[in-house]
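*Asks:*
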Amino acid sequence: MSSSHRSDPGANALLRLYIAGDTPSARRALESRLRIMKEWAGGIEIHIVDILAHPEAAESAGILATPTLSDERATPPRRLIGDISNTAQVLDYFGFRGKDSGYDHS
Amino acid sequence: MTTAEEILIDPVLERVRTGIEAFDDLVMGGLPRGRTTIVGGTPGSGKTVFATQFLAHGITVLGEPGVFVTFEESPAEIEVNMASFGWTIRRWREANKLVFVDASPRDHDQMIIGNFDLAGLLTRVLHAARNSAAKRIVLDSVTQLFDRFVAEQTSVRRELLRIATALKKQGLTVLMTAERNSEYGEISRHRIEEFVADNVVILRNALYRERRRRTIEVLKMRGSRHVEGEVPITLVEKQGIVAVPLSSLRLEQQSSTKRVTSGISELDSMCSGGFFRDSVTLVSGATGTGKTLLVTNFLAGGVVSGERALLVGYEESRGQLFRNARGWGVDFEAMEADGRLKVICIYPEAQNLPDHLLMIRELVQEFKPDRIAIDSLSALERIAPDSGFREFLISLTSFIKEHEIAGLCTATDKSLVGGQSASEQHISTFTDAIILLRYIQEGNFMHRGIMVLKMRGSEHDKQIRRFTVDGAGMHLGQPFNGAPDIFGESAASRREE
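Protein sequence lines correspond, in order, to chains A and B.
Residue 56 in our numbering is what sits at position 56 of the first sequence, and the numbering runs on without skipping anything.
Position in the second sequence (from 1) plus 1000 gives the number in our numbering.
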């Protein structure tokens, strides 16, 4: 699955991480989240949505699976389900290329 | 099926009525509460209708709110598609009696890496159920859920089981629809029924002789009894699915001893005083022997003695029937104008057999006739699948008897002299009386003869009587002297050989 270029490289990207309570997979996802935010110097903010506390958020976003990392601003929205520990893969999927990748994000 | 089993099993499982009456009868009152039922069917077999009806009945009749989890159509589409059945989904949603969990496909890119769970789905369903105090949950269809995670079948199976278990723990009655590839192949794609369902119901929409035949079958009911076999169903506007009941299952035997006139006084005396009030009589004969005349007399005789009469005609048009009647001195027009007679003519091919049955039932409930004539059953048999016709007859005859209506049905013999029609073989066991009309040769003359072959619960004349027809109808004459064989060749012709 190839990535699209981000249209707003200047602004902080906002992703959402949907988890369901305190489970091993949720904990792993939360650790990955920190790594991803650190890795991408361009600035990514990843909001955590615990659907057990906010089921209506899962309903409005149409979330079926957890963990789901979601970019609702992309058209169409992009979702990565399951294991998000491979930071490079995650960044690539959401269209954040490494600075030396040769891609221009503008 | 023993009483002991009944006592052991039935109290454990409280029943949730689906609102499809004859189906609820098949499963001893409804789906077991707090269990999961799979409703499988090919596309177009009525799964979503069944599921919606299950929720609708809970909401409108029993005060049980429901949750509709849709994986395929959007809630708006379901609202529109189900409107023709008279279900006001929008109003239920506004009153919070029905809550949708919209899991229909949305436009987004998705990638799956490694393990995941469907906690998102479960959380949404439980949230919706809590908010509406739901008792009934529909997931339509879980096959779509599998298709959404094509490469992750094992995970979806595990998660679906987890969801079913969690909903069961809440005491919720769950109905999952599942798609099938063929009418008589595997039960469902992904074999969902094997790991998740307590009960399995199959909806079919099979092609038979270029016609659709819809049925419902209960395949499995864990820990309880059910009636086996396919039952015809039909989709009815403003109602939804209507299963055509096999009334024979709970046939309450007659019997009224009250007699009503056949419309011909001589025939009444042959039957020791007329037909029984709640009985079905079969008139069988070749074409031109006078079946429709007997029908006309039967109807007119009822109307004259103050009854209401209904005629359902499958062979002739209203115009023909009215003209015939006039020729025999009976004025159908005046009778209809008085509201004492109703004549409905319809081509057998116009609808399916179950629909014909429903139409008759509705006519009876509307018009409340004291007697009904059906002319002819042979015409209906043309469009019937073999087993379907028998079911139809059982249902029809027991319906007529339950309503204490005097029924007269005709059947056409294929051969002109004697012989049995196929419908005759089918019908004879379900009818209470059989009257034969036959061509009988005597010398160089061809006469018409009438005889009462069978009359349940009564004495009857065993002779074969001549009859003639004129502008005043049927006139019975003397018995035949010889011994004509009414089942085969005429006696006279055999003697000559």
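Note that CB positions come from ideal geometry on N, CA and C, so glycine has one too.
Report the neighbours of V1101(B) on chain A: residues whose CB is nearer than 9 Å to its CB, in chain order.
*Replies:* By Cβ distance, chain A contributes E59.
*Asks:* For the beta strand (DSSP E) containing M1451(B), name the first residue and the last one.
*Replies:* Counting along the chain, the beta strand (DSSP E) containing M1451(B) begins and ends at 1445-1455.
*Asks:* Measure the Cβ-Cβ separation of D1278(B) and E1459(B) and say whether it is below 9 Å.
*Replies:* no
*Asks:* Just the Cα atoms here: how many angstroms apart are D1461(B) and T1261(B)?
*Replies:* 16 Å
*Asks:* Could I get the ranges of all uninterrupted alpha helix (DSSP H) runs contained in the segment 1114-1164 of chain B, with 4 residues as the minimum, in chain order?
*Replies:* 1119-1132, 1142-1148
*Asks:* Can you list the alpha helix (DSSP H) stretches of 4 or more residues lying completely in the segment 1028-1099 of chain B, in chain order?
*Replies:* The alpha helix (DSSP H) runs of length 4 or more contained entirely in the segment 1028-1099 of chain B are, from start to end of the chain, 1047-1060, 1075-1081, 1089-1094.
*Asks:* So which of G1063(B), E1362(B), V1304(B) has the shortest CA-CA distance to S1132(B)?
*Replies:* Here the closest residue by C-alpha is G1063(B).
*Asks:* Scan the segment 1110-1124 of chain B for residues whose Cβ lies nearer than 7 Å to a Cβ of chain A and list them as they occur along the chain.
*Replies:* Q1110, M1111, I1112, I1113, G1114, N1115, F1116, D1117, L1118, A1119, G1120, L1121, T1123, R1124
*Asks:* Alpha carbon to alpha carbon, how far is I1113(B) from F1085(B)?
*Replies:* Rounded to the nearest angstrom, the gap between the Cα atoms of I1113(B) and F1085(B) is 43 Å.
*Asks:* Under 6 Å Cβ to Cβ from G1301(B), same chain only, skipping five residues before and after it: list those, please.
*Replies:* T1261, G1263
*Asks:* What in chain B is Cβ-close to D92(A), meaning under 8 Å?
*Replies:* Those do not exist, as D92(A) stays about 10 Å from chain B at its closest Cβ, beyond 8 Å.
*Asks:* Going by the DSSP bridge assignment, what does L1341(B) pair with across the sheet?
*Replies:* Paired residues: A1309(B).
*Asks:* Quick check on the DSSP output: what are the complete beta strand (DSSP E) runs of length 3 or more inside the segment 1157-1217 of chain B, in order along the chain?
*Replies:* The beta strand (DSSP E) runs of length 3 or more contained entirely in the segment 1157-1217 of chain B are, from start to end of the chain, 1173-1179, 1199-1208.
*Asks:* So with CB distances below 7 Å, who are the chain A contacts of D1140(B)?
*Replies:* None at all; the shortest Cβ gap to chain A is about 15 Å.
*Asks:* Considering only their Cβ atoms, is the gap separating F1023(B) from A1164(B) smaller than 9 Å?
*Replies:* no
*Asks:* Give the interface partners of R79(A) over in chain B, defined as CB-CB distance under 8 Å, in chain order.
*Replies:* H1108, D1109, Q1110, M1111
*Asks:* Taking C-alpha atoms, which residue in L1026(B), V1125(B), L1353(B) lies nearest to V1201(B)?
*Replies:* L1026(B)
*Asks:* Is there a Cβ from chain A that is less than 9 Å from the Cβ of L1126(B)?
*Replies:* Closer than 9 Å: yes.
*Asks:* Please report the straight-line C-alpha distance between G1040(B) and P1232(B), rounded to a whole angstrom.
*Replies:* 16 Å
*Asks:* For D1432(B), name the three-state secondary structure that DSSP assigns.
*Replies:* coil
*Asks:* Measuring only the C-alpha atoms, how far is N1481(B) from Q1441(B)?
*Replies:* 12 Å
*Asks:* For F1467(B), which three-state DSSP category applies?
*Replies:* strand
*Asks:* By the DSSP assignment, the alpha helix (DSSP H) with V1244(B) in it spans what residues?
*Replies:* Note, V1244(B): premise wrong, no alpha helix (DSSP H); not H, not E.
*Asks:* Quick one: what does DSSP say E1402(B) is sitting in, helix, strand or coil?
*Replies:* helix
*Asks:* Cα separation between I1089(B) and E1079(B)?
*Replies:* 6 Å
*Asks:* Starting from L52(A), find everything on chain B with Cβ-Cβ shorter than 9 Å and list it in chain order.
*Replies:* A1119, T1123
*Asks:* Cβ of V1067(B) within 9 Å of Cβ of A1134(B)?
*Replies:* yes
*Asks:* Taking Cβ positions only, does T66(A) come closer than 9 Å to chain B?
*Replies:* Interface flag for T66(A) against chain B is set, since a Cβ pair is found closer than 9 Å.
*Asks:* Kindly indicate which three-state DSSP category S1269(B) falls into: helix, strand or coil?
*Replies:* helix
*Asks:* Report yes or no: is there a C-beta of chain A within less than 9 Å of the C-beta of R1158(B)?
*Replies:* no
*Asks:* Take the Cβ of N1444(B) as the centre, count every other Cβ of all protein chains shown within 10 Å, and call the residue buried at 16 or more, exposed below.
*Replies:* exposed
*Asks:* Could you spell out where the beta strand (DSSP E) holding P55(A) opens and where it closes?
*Replies:* Not the beta strand (DSSP E): P55(A) falls in the alpha helix (DSSP H), residues 55-61.
*Asks:* For E39(A), which of helix, strand or coil comes out of DSSP?
*Replies:* The answer is helix: DSSP assigns E39(A) an H, G or I state.
*Asks:* If you measure beta-carbon to beta-carbon, which residues of the segment 18-40 of chain A are closer than 7 Å to chain B?
*Replies:* Y18, A20, S25
*Asks:* If I19(A) and P67(A) are in contact, beta carbons under 8 Å, what's the gap, nearest whole angstrom?
*Replies:* 5 Å
*Asks:* Could you give the residue range of the alpha helix (DSSP H) that holds A1022(B)?
*Replies:* 1021-1026
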